[in-house]
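Student: FYI, the numbering for the sequence shown is 4 to 87, going by my numbering.
From the three backbone atoms N, C-alpha and C, an ideal C-beta is built for every residue, glycine too.
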Amino acid sequence: MWRDEEWMAERGARPVHEAPLSVYEVHLPSWRPGLTYRQLAEQLPAYVCDLGFTHVELMPVAEHPFGGSWGYQVTGFYAPTARL
């Protein structure tokens, strides 16, 4: 379950431009094939934190016609891909 109370309480303690930033970019359908969005949401945060990343960038999750495009050939901008 998403909770951000701790982050909200501490967000003003350090100026944003001085905080470290490390981004993990992930293509959800190929990161852990076969998992649902819910299962990915349960596993990804711990995995990323264990690696020391502070942020996650999701590659496109919109519906697309060709799997090899990794989601960049969008056919449904407001529809998450049914591939998960």
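1. Quick check on the DSSP output: what are the complete alpha helix (DSSP H) runs of length 4 or more inside the segment 5-53, in order along the chain?
2. Taking only three categories from DSSP, how would you classify Gly79?
3. Just to confirm the assignment, what range does the beta strand (DSSP E) spanning Val59 have?
4. Between Met155 and Gly37, what straight-line distance do the alpha-carbon atoms span, to the nearest angstrom?
5. How many angstroms separate the CA atom of Val26 from the CA atom of Arg35?
Tutor: Reading from the atomic positions:
1. 8-13 and 31-34
2. Looking at Gly79 - three-state DSSP - the assignment turns out to be strand.
3. His58 to Leu61
4. No answer is possible for residue 155: the residues shown for the chain start at 4 and end at 87.
5. 18 Å
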